[in-house]
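S.K.: Have a look at this one.
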Ligand SMILES: [Fe+2]
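In the numbering used here, the protein residues as written are 3 to 195.
The following block contains the structure:
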């Protein structure tokens, strides 16, 4: 797994920090939901590898500051399919399927297959919230970093459309009881050691 992460380094600015922060938020949501230790292990892996398929996407697209046109968006969206193909033989099915479905939306408007509600694997629904939070609060080629309060409000606003309300609830609980920050720090420290 370390070699896959190392390969992703340099693909997108701060990918190393991004994947471990997503992993940390995902674990803290999973703990609030009472996931088994095996599922917490799986969600940690999914958090780190959710975008591994971007290794097969043209790096010019990944760092493009302007918005992408339709063919470019289609190419970018294929990172979910590539990620599944790259991990299917290496990890349990729960892990590779969560990577495949991490851009599905609760209302069925996501990709790659437009799955809705509980048809989206639980681990994918968790990573979707954690990924959105980190994307909003991190500086990207196309946007400056926005405050945590704004990201939390956005996630609350999209509960029931983009995100599973049960996961949003668990995310908000992990923010208010502080476990969110503690777990994220632990994961980042572990990754750095
Ligand atoms: Fe992604």
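Here a beta-carbon is modelled for each residue, glycine too, at the ideal position from N, C-alpha and C.
Have a look at residue 194 and residue 76 and give me their C-alpha separation to the nearest angstrom.
M.R.: By 1-based counting over the chain shown, the position of residue 194 is 192. By 1-based counting over the chain shown, the position of residue 76 is 74. Each residue's Cα considered, the two are about 34 Å apart.
S.K.: By Cβ distance below 6 Å, which residues in the same chain neighbour residue 47 in space, the five residues on each side in sequence not counted?
M.R.: Looking up residue 47 in the chain shown gives position 45. Here the set comprises 97.
S.K.: So does the region 64 to 80 actually touch the region 153 to 161, counting three or more Cβ pairs closer than 8 Å?
M.R.: As far as the Cβ criterion goes, the region 64 to 80 does not touch the region 153 to 161, which means the pair count is below three.
S.K.: Here's the rule: buried if 16 or more other CB atoms are within 10 angstroms of the residue's CB, otherwise exposed. What is residue 152?
M.R.: Residue numbering aside, residue 152 sits at position 150 when the chain shown is read from its first letter. It counts as exposed.
S.K.: Does the distance between the C-beta of residue 60 and the nearest non-hydrogen atom of ligand 1 fall short of 6 Å?
M.R.: For the purposes of this step, residue 60 is taken as residue 58 along the chain shown, with counting starting at 1. No; taking the cut-off as 6 Å, the Cβ of residue 60 has no heavy atom of ligand 1 nearer than that.
S.K.: From the DSSP output, which residues share a beta bridge with residue 86?
M.R.: If you number the chain shown from 1, residue 86 lands on position 84. Paired residues: none, contrary to the question.
S.K.: Cβ of residue 53 within 6 Å of any heavy atom in ligand 1?
M.R.: Start at 1 with the first residue of the chain shown, and residue 53 comes out as number 51. For ligand 1, at least one heavy atom lies less than 6 Å from the Cβ of residue 53.
S.K.: Check each candidate in 141, 139, 140, 109 and name the one with the smallest Cα separation from residue 127.
M.R.: Within the chain shown, numbered from 1, the residue matching residue 127 stands at position 125. The candidate whose alpha carbon is nearest that of residue 127 is 109.
S.K.: Just to check my reading of the structure: residue 10 and residue 59 have Cβ atoms closer than 8 Å, yes? What is that Cβ distance to the nearest angstrom?
M.R.: Mapped onto the chain shown, residue 10 falls at position 8. Mapped onto the chain shown, residue 59 falls at position 57. About 11 Å separates the two Cβ atoms, so there is no contact after all.
S.K.: Run through the region 102 to 188 for me and flag every whole alpha helix (DSSP H) of 4 or more residues, listed as ranges in chain order.
M.R.: You should have 124 to 139, 150 to 159, 167 to 178.
S.K.: I'd like the span of the alpha helix (DSSP H) that includes residue 76, first residue to last.
M.R.: As a working note, residue 76 is residue 74 in the chain shown. Note, residue 76: alpha helix (DSSP H), 72 to 79.
S.K.: Check this for me: beta carbons of residue 217 and residue 139, under 7 Å apart or not?
M.R.: Summary: the structure shown does not reach residue 217, with the chain confined to residues 3 through 195, and so no result is reported for it.
S.K.: Less than 7 Å between the beta carbons of residue 132 and residue 21, yes or no?
M.R.: Within the chain shown, residue 132 is the residue found at index 130, counting from 1. Within the chain shown, residue 21 is the residue found at index 19, counting from 1. Not in contact: residue 132 and residue 21 (Cβ atoms no closer than 7 Å).
S.K.: With a Cβ-Cβ cutoff of 7 Å, do residue 123 and residue 90 count as a contact?
M.R.: Reading the chain shown from its first residue, position 121 is the one you call residue 123. Reading the chain shown from its first residue, position 88 is the one you call residue 90. Their beta carbons are not under 7 Å apart, which means residue 123 does not touch residue 90 by this criterion.
S.K.: What alpha helix (DSSP H) runs, 4 residues minimum, are completely inside the region 37 to 66?
M.R.: DSSP runs (the alpha helix (DSSP H)) wholly in the region 37 to 66: 39 to 51, 61 to 64.
S.K.: Report the three-state DSSP secondary structure of residue 200 (helix, strand or coil).
M.R.: For the chain, the structure presents residues 3 to 195; residue 200 sits outside this window and is missing.
S.K.: Is it true that the CB of residue 106 sits closer than 7 Å to the CB of residue 112?
M.R.: Sequence index remark: in the chain shown, residue 112 carries index 110 (1-based). Sequence index remark: in the chain shown, residue 106 carries index 104 (1-based). Yes, they are a contact pair.
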